[in-house]
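Chemist: The structure's right below; bear with me while I get my questions together.
There are 2 protein chains.
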Amino acid sequence: MLENEEKILVQTNVKDENLIEIRRKQIVSGAVKLFREKGFHRATTREIAKAAGFSIGTLYEYIRTKEDVLYLVCDNIYDQVIQRLSTISTSKGTLEELKLAIKQYFSLIDSMVDEFTIMYQETKSLPKDKQQYILQKELEMVSLFEKIIKNCVQSGELTISNQEIYLAANLLVVQGQAWAFRKWALQKHFTIEEYTEAQITMCLSGLLHYE
Amino acid sequence: MLENEEKILVQTNVKDENLIEIRRKQIVSGAVKLFREKGFHRATTREIAKAAGFSIGTLYEYIRTKEDVLYLVCDNIYDQVIQRLSTISTSKGTLEELKLAIKQYFSLIDSMVDEFTIMYQETKSLPKDKQQYILQKELEMVSLFEKIIKNCVQSGELTISNQEIYLAANLLVVQGQAWAFRKWALQKHFTIEEYTEAQITMCLSGLLHYE
DNA sequence: TTTAATTGACCGAACGCTCGCTCAATCCCA
DNA sequence: TGGGATTGAGCGAGCGTTCGGTCAATTAAA
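Sequences listed follow chains A and B, in order. Anchor point for the first sequence: position 76 equals 107 in the numbering used here, and the numbering is continuous, going up by one each time. Anchor point for the second sequence: position 94 equals 125 in the numbering used here, and the numbering is continuous, going up by one each time.
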């Protein structure tokens with residue numbers, strides 16, 4: 032009897048969590064479109080609900096505050112970023128590995144231009160603690176490139192200082208993001224492939240200059 | 032008589048314009064502090080007025096809408112940018128000239144970190160036509176660097192394609208701005224001078240790679 | 001199998017409050 | 001004392017958030 036009750040409870044919970052998952056996905060994908068069009072502050076909760084496909088009342092069954100929606104969006108982005116970048120190899124210590132990482136990172140950004148733009152423009156609207164969380168993720172991306180470049184130094188393919196490694200890693204992260212927030216200037220002159228190749232050439236020859 | 036009236040009118044206008052100038056400066060400098068602390072949307076008009084040193088009623092004597100304040104801030108930034116960059120020589124076609132331009136641009140940004148950060152986070156909150164105006168200014172900065180680099184190519188100090196020139200000019204503009212909007216990550220590791228030097232080295236050797 | 005009871009996802013009118021903006025009254029100087 | 005500059009109480013549209021209620025689906029009882 033108790034066992035039965037537990038089973039039912041578990042089943043119900045599983046079902047609930049699935050539903051929550053579905054609803055949150057609806058919220059995120061609706062909100063991304065909206066925030067991209069009018070920004071976080073100009074988008075009303077009613078509009079968010081509508082874009083998600085349900086009513087304002089239902090929206091508030093799945094979030095506590097409007098800021099939660101923004102956090103949901105940002106968090107979701109990094110989920111995808113981490114997932115997509117986790118396949119990058121960071122241990123070979125070859126320039127080829129670095130090139131590949133750059134390519135993957137840049138193509139990731141290209142496929143999520145809207146999301147990155149939102150994050151870049153709206154992170155400051157999050158509560159302080161959530162902001163920290165996002166900056167943390169940001170630093171992890173810098174670290175990823177640092178690690179790869181460091182390995183190149185150790186394997187002798189590059190000869191640069193730690194400071195320069197950090198600068199180069201930051202440069203790569205920023206130039207990747209620039210593809211999102213400066214698309215209006217870059218898209219007219221480059222495809223993402225051209226942009227990537229040019230950045231790789233420029234960055235690598237910059238890194239190689241001490242040899 | 033008419034002449035007198037005109038004189039008075041002119042005098043009054045001059046006086047008015049002086050006052051307007053003064054008040055607008057007050058508004059801008061107060062708003063910069065406020066926007067930096069809480070962002071454009073969270074800052075209220077009452078707070079803006081207070082920060083400027085007068086009341087809400089007076090504020091609205093000098094602006095029409097809250098958005099005007101943001102525009103005033105952005106416009107003011109580019110006034111200063113243009114003023115400070117107008118001394119940059121763009122005709123010699125030497126790498127030294129390019130280095131100097133980079134140094135001036137980077138030091139300009141360092142002295143206006145708050146203003147640049149605001150502009151990059153809040154431009155999207157401007158009405159569309161004002162946004163265009165800002166993007167225009169942005170493109171002018173890219174053009175400035177393009178011009179300098181192009182001259183280096185013509186004088187034979189560099190050998191790169193037009194597309195690469197455009198990319199490099201964008202890279203420089205962005206990396207300069209990055210000093211403002213990524214200060215939290217960069218300031219710990221570099222002074223502005225170190226950052227500038229490192230960027231110059233990296234960028235120039237990147238540009239030189241074809242030689 | 002039929003029927004009554006229970007659930008909880010969903011809804012949207014309503015609430016309290018904030019904030020951009022106005023304007024009648026006041027101040028201050030020439 | 002006339003007129004521009006300044007004030008801030010006041011307005012009301014619009015916002016985020018709540019909550020009492022509905023109903024289809026599920027469970028329990030008959």
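Yeah, the Cβ is synthetic: ideal placement off N, Cα and C, and Gly gets one too. None of these values were measured; they are calculated from a predicted model.
For the alpha helix (DSSP H) holding Glu188/A, just list the boundary residues, first then last.
Modeler: What you label residue 188/A is simply residue 157 of the first sequence in a count that begins at 1. Segment: none, Glu188/A is in no alpha helix (DSSP H) and carries neither H nor E.
Chemist: Compare the Cα-Cα distances from Leu203/B to each of Arg213/B, Met172/B, Gln163/B, Thr148/B and report the closest residue.
Modeler: To locate residue 203/B, count along the second sequence from 1; it is residue 172. Residue Met172/B is the option with its Cα nearest to Leu203/B.
Chemist: Starting from the N-terminal side, write out each stretch of the alpha helix (DSSP H) that is 4 residues or longer and does not extend beyond the segment 101–189 of chain A.
Modeler: 126–142, 144–153, 159–185
Chemist: What residues in the segment 139–157 of chain A have a beta carbon less than 8 Å from any beta carbon of chain B?
Modeler: Gln152, Lys155, Ser156
Chemist: Evaluate the contact criterion for the segment 130–142 of chain A versus the segment 204–219 of chain A: three or more CB pairs, one atom per stretch, below 8 Å.
Modeler: Yes, the segment 130–142 of chain A touches the segment 204–219 of chain A.
Chemist: In chain A, which residues lie less than 8 Å from Trp215/B when you measure between Cβ atoms?
Modeler: For the purposes of this step, residue 215/B is identified with residue 184 of the second sequence, where counting begins at 1. Leu166, listed in chain order.
Chemist: Tell me which residue opens and which closes the alpha helix (DSSP H) that Ser236/B is part of.
Modeler: Position 205 of the second sequence, counted from the start, is the residue given in the question as residue 236/B. DSSP places Ser236/B inside the alpha helix (DSSP H), whose first and last residues are 223–238.
Chemist: What does Gln162/A reach in chain B if we use C-beta pairs closer than 9 Å?
Modeler: Numbered from 1 along the first sequence, position 131 holds the residue referred to as residue 162/A. Residues of chain B passing the Cβ test: none, with the nearest at roughly 10 Å.
Chemist: Name the residue from Thr154/A, Phe176/A, Lys219/A whose alpha carbon lies nearest to the alpha carbon of Ala199/A.
Modeler: Reading the first sequence from its first residue, position 168 is the one you call residue 199/A. When each option's Cα is compared against that of Ala199/A, the closest is Phe176/A.
Chemist: By the 10 Å Cβ neighbour count, where 16 or more other Cβ atoms means buried, how is Thr190/B classified, buried or exposed?
Modeler: Start at 1 with the first residue of the second sequence, and residue 190/B comes out as number 159. Exposed, by the Cβ-count rule.
Chemist: Would you kindly work out how many angstroms separate the C-alpha atoms of Pro158/B and Trp215/A, rounded to a whole number?
Modeler: Translated into positions along the second sequence, residue 158/B becomes position 127. Translated into positions along the first sequence, residue 215/A becomes position 184. Those two C-alpha atoms are separated by around 17 Å.
Chemist: How would you label Arg213/B, buried or exposed, when you count the other beta carbons within 10 angstroms and need 16 or more for buried?
Modeler: As a first step, residue 213/B is located in the second sequence; it is residue number 182 there, counting from the start. Flag for Arg213/B reads buried.
Chemist: When the Cβ atoms of the segment 50–63 of chain B are set against those of the segment 98–105 of chain B, are three or more pairs found closer than 8 Å?
Modeler: yes
Chemist: For the 8 Å Cβ check, are there 3 or more pairs between the segment 80–94 of chain A and the segment 106–125 of chain A?
Modeler: The answer is no - the segment 106–125 of chain A does not touch the segment 80–94 of chain A, with fewer than three Cβ pairs under 8 Å.
Chemist: Less than 7 Å separating the beta-carbons of Lys155/A and Gly237/B?
Modeler: Within the first sequence, the letter at position 124 stands for residue 155/A. Within the second sequence, the letter at position 206 stands for residue 237/B. Taking C-beta atoms as the reference points, Lys155/A and Gly237/B fail to come closer than 7 Å.
Chemist: I'd like to know if Tyr136/A contacts chain B, where contact means its C-beta is closer than 7 Å to some C-beta of that chain.
Modeler: For this step, residue 136/A is matched to residue 105 along the first sequence. Output row for Tyr136/A: interface = no.
Chemist: Looking at Lys168/B: is its Cβ nearer than 7 Å to the Cβ of Tyr109/B?
Modeler: As a working note, residue 168/B is residue 137 in the second sequence. As a working note, residue 109/B is residue 78 in the second sequence. Going by C-beta atoms, Lys168/B is nearer than 7 Å to Tyr109/B.
Chemist: What residues in its chain sit with their C-beta under 6 Å from that of Asn182/A, if we drop five residues either side in the sequence?
Modeler: Looking up residue 182/A in the first sequence gives position 151. These residues qualify, in order along the chain: Gly124.
Chemist: In angstroms with no decimal places, state the Cα-to-Cα distance between Leu235/A and Arg55/B.
Modeler: Along the first sequence, read from residue 1 onward, the residue named residue 235/A stands at position 204. Along the second sequence, read from residue 1 onward, the residue named residue 55/B stands at position 24. Answer to the nearest angstrom: the Cα atoms are 47 Å apart.
Chemist: DSSP on Thr76/A, reduced to helix/strand/coil?
Modeler: Here residue 76/A is taken as the residue at index 45 of the first sequence, counted from 1. Thr76/A: helix per DSSP, three-state reduction.
Chemist: Considering Cα atoms alone, identify which of Trp210/A, Glu127/A, His220/A is closest to Ser142/A.
Modeler: Here residue 142/A refers to the residue found at position 111 when the first sequence is read from its first residue. Looking at the Cα atoms, Trp210/A is the closest of the given residues.
Chemist: Using DSSP with H/G/I as helix, E/B as strand and the rest coil, what is Gln218/B?
Modeler: Mapped onto the second sequence, residue 218/B falls at position 187. Reduced to three states, the DSSP call for Gln218/B is coil.
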